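Residue numbers (my numbering): 412 to 980. Ideal Cβ placement from N, Cα and C applies to all residues, glycine included. These numbers were taken from a predicted model, which means no experiment stands behind them.
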Amino acid sequence: MDRAPHPRPTRLRRSFARLTSAFAAIALGATGLVALGGTAAGAAANLAQNPGFESGLSGWTCSAGSGATVASPVHGGSAALKATPAGTDNARCAQTVAVKPNSSYTLSAWVQGSYVYLGASGTGTTDVSAWTPSAPGWQQLSTGFTTGANTTSVTVYTHGWYGQPAYYADDISLAGPGGDPGDPVPGAPSGLRTGGATSSSIDLSWSPVTGATGYNVYRDGSKVQSVGGASATVTGLAASTSYQFQVTATNAAGESPRSSAVTGTTTAGGGGGGGAVPKHAVTGYWQNFNNGAAVQKLREVQDQYDIIAVAFADATGTPGAVDFTLDPAVGYGSEQQFKDDIKAKQAAGKSVVISIGGQNGTVSINDSASANNFANSVYALMREYGFNGVDIDLENGLNATYMTQALRSLSAKAGSGLVITMAPQTIDMQSTSGAYFQTALNIKDILTVVNMQYYNSGSMLGCDGKVYSQGSVDFLTALACIQLEGGLSPSQVGLGLPASTRGAGSGYVSPAIVNNALDCLARGTNCGSFKPARTYPGLRGAMTWSTNWDATAGNAWSNAVGPKVHGLP
412 MDRAPHPRPT
422 RLRRSFARLT
432 SAFAAIALGA
442 TGLVALGGTA
452 AGAAANLAQN
462 PGFESGLSGW
472 TCSAGSGATV
482 ASPVHGGSAA
492 LKATPAGTDN
502 ARCAQTVAVK
512 PNSSYTLSAW
522 VQGSYVYLGA
532 SGTGTTDVSA
542 WTPSAPGWQQ
552 LSTGFTTGAN
562 TTSVTVYTHG
572 WYGQPAYYAD
582 DISLAGPGGD
592 PGDPVPGAPS
602 GLRTGGATSS
612 SIDLSWSPVT
622 GATGYNVYRD
632 GSKVQSVGGA
642 SATVTGLAAS
652 TSYQFQVTAT
662 NAAGESPRSS
672 AVTGTTTAGG
682 GGGGGAVPKH
692 AVTGYWQNFN
702 NGAAVQKLRE
712 VQDQYDIIAV
722 AFADATGTPG
732 AVDFTLDPAV
742 GYGSEQQFKD
752 DIKAKQAAGK
762 SVVISIGGQN
772 GTVSINDSAS
782 ANNFANSVYA
792 LMREYGFNGV
802 DIDLENGLNA
812 TYMTQALRSL
822 SAKAGSGLVI
832 TMAPQTIDMQ
842 STSGAYFQTA
852 LNIKDILTVV
862 NMQYYNSGSM
872 LGCDGKVYSQ
882 GSVDFLTALA
892 CIQLEGGLSP
902 SQVGLGLPAS
912 TRGAGSGYVS
922 PAIVNNALDC
932 LARGTNCGSF
942 KPARTYPGLR
952 GAMTWSTNWD
962 ATAGNAWSNA
972 VGPKVHGLP
């Protein structure tokens, strides 16, 4: 989000710079990726089961039946993995491995194909991944991590990318001290059933499994929750919507197969992840500064906006902590008048959140101390000003582990009415392995909406593997599809667009294009050349930068998009 009155360089340029830097770092072994050919790690035992796929897919689970073993090409031995992405499935093959807490590990694999990823999740510190955009011959990927104080197992995986051909993997190695597998991997849970339901949650229960120390809950194929007992409440759901659930049992030895699926349906009404936010909502950023757009007081913000994000809180001298200072340029005679305006908006059924970051934001949350500072300072602002929650608009990167910790700590303080919104750049949501996407998935049970910025982006991949240029209905729908099929609920996805040509450096589309994209995603009508395989009637809505630029243009954006959002099915 831009505080400056002049157009800024497009994010595409910055994105290419990031990728170029990343590739250079990989080549030099300088970004935490372990240099190839290291001797210490190479001498350690390989903890991966069936690492060369000589025993078929034993020990491995591949999404959507995407994996198979082949006799050629192979890197070593007589077999290798071939996994084929299809539709919105990225052909993820994974296994869970027992490890020791507070220990260092090296993960490597030989891969072949386009856009091949290798990674580890559940490390208890920072989940890691490495990837190659093109490996016409066998190429080794390698990365490393240190487990957390309570980590006894991690999941290692490979995956490809949407719309790309099959990839190959072989000789996968996880080197480091082996954990104690203890009991064998538990069996799949039985007796899964639904219980009470609200407009935003469904209760689940199942029969306990012998030897299990925990359970994972899956919604529509994606893991959404881990619990210690044989019951769970899945929250953050859209009203009047059906969901499919499965559960698995876990212990130090690994994760069981999934249970039989059951279907649950939420009741009618608003809800999903955040207080009084309606089922379909419009989000607008209110500028706490004057950059040439119409200067507004909160009371003057158009009534079509359901969530108003006050932009921005600022970093302090304490790592992770933020504060807010009302800019005299917006014309308030006192802070109390501003607080009264917040209360008035809330009385009218609106949510007002404090936004963190923006184009110039430099808030850094990279350890437990800064995560706690962030949660404490945001909660203090909520209590002082009456904010309903927080918006995460960090455009200079974030750490998924510690941002997750910070937001969960904030949720524990603020309670179930907390509103959490996010406004990542397009590059941040291209893959579920990205830190922003990981954070969103990590907090699905308390997340309200992700309003990705579909502007200042240039061209990006859609979920079908094709490249789309900003400024078209296809750009909006094909990129939204990545989030919708990558694990977020439709109620957690919104389309973020500038309110006028002056609101961003590039990527403005007319309100009619925004409305066509909403129709395409929610109803399957008014699509461009890209048409999703299914519809998402629970889609949350749309966002704009900013209410001030909207007012400058006579509120043309909110007058057109607001009724469309509020009229979605």
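Contact annotation, Ser670 with Gln657: C-beta distance approximately 5 Å; criterion of less than 8 Å satisfied. For Val774 and Val620, the gap between their C-alpha atoms comes out near 44 Å. Counting of Cβ neighbours within 10 angstroms places Arg951 among the buried residues, the total reaching 16 or more. With a 10 Å radius around the Cβ and a threshold of 16 neighbouring Cβ atoms, Gln849 comes out buried. Thr674 counts as exposed, since fewer than 16 other C-beta atoms from the protein chains shown sit within 10 angstroms of its C-beta. Its Cα nearest to that of Ser822, the residue Ile854 stands out among Met833, Ala846, Ile854, Ala811.
In the three-state scheme derived from DSSP, where H, G and I count as helix and E and B as strand, Trp471 is classed as coil. For Gly574, same chain residues with a beta-carbon under 6 Å away, outside a window of 5 residues either side, are Asp875, Gly876 in chain order. The stretch 576-629 is shown to contain whole beta strand (DSSP E) runs of 3 or more residues at 578-586, 604-608, 613-616, in chain order.
Going by DSSP, Met863 is part of the beta strand (DSSP E) stretching over 860-864. At a Cβ-Cβ threshold of 8 Å, Ala546 and Ser902 do not count as neighbours. Beta-bridge partners of Asp725 (DSSP): Asp734. Ranked by Cα distance from Trp617, the options Gly632, Gly598, Asp631, His691 are led by Gly598.
Excluding the 5 residues flanking it on each side, Ala971 has same chain C-beta neighbours closer than 6 Å at Pro922, in chain order. Here the alpha carbons of Leu468 and Val522 stand approximately 16 Å from one another. Within a 10 Å sphere around the beta-carbon of Arg945 sit fewer than 16 other beta-carbons, which makes this residue exposed. Between Leu805 and Tyr865 the beta-carbon gap is near 18 Å, outside 8 Å, which marks them as no contact.
Counting along the chain, Pro901 sits inside no beta strand (DSSP E), nor does DSSP assign it H or E at all. Taking the C-beta atoms as reference points, Ala928 is found nearer than 8 Å to Leu887. The secondary-structure analysis by DSSP pairs Glu666 across a beta bridge with Thr661. Secondary structure at Val774: coil, using DSSP grouped into helix, strand and coil.
Annotation: the continuous beta strand (DSSP E) that includes Lys493 extends over 491-494. Nearest Cα to Val801 within the set Ile719, Ser957, Leu529, Thr563: Ile719.
Non-local C-beta neighbours of Asn777 in its own chain, meaning closer than 7 Å and more than five positions away in sequence, comprise Asn810, Tyr813, ordered along the chain. In this structure, the straight-line span from the alpha carbon of Ala531 to that of Gly632 is close to 19 Å. In the structure shown, the three-state DSSP call for Lys634 is strand.
Beta-bridge pairing by DSSP links Gln506 to Val567.
The stretch 955-965 and the stretch 705-725 touch, with three or more beta-carbon pairs separated by less than 8 Å.
If you look at Pro547, you'll find it in the beta strand (DSSP E) that goes 539-557. Listed as beta-bridge partners of Gln715 by DSSP are no residues whatsoever. Between the beta-carbon of Gly918 and that of Asn867 there is about 6 Å, and that keeps the pair under the 8 Å contact cut.
Around the beta carbon of Asp738, fewer than 16 other beta carbons sit within 10 angstroms, so the residue counts as exposed. When DSSP assignments are scanned along the stretch 761-811, the uninterrupted stretches of beta strand (DSSP E) that are 3 or more residues long and fall wholly within it turn out to be 762-769, 800-805. Nearest in C-alpha terms to Ala459, of all of Thr557, Gly639, Ala664, Gln636, is Ala664.
Secondary-structure assignment with DSSP links Tyr879 through a beta bridge to Met871. Taking Ala910 as the centre and dropping the five residues before and after it, the same chain places the C-beta of Thr955, Trp960, Asp961, Trp968 closer than 6 Å to its C-beta, in chain order.
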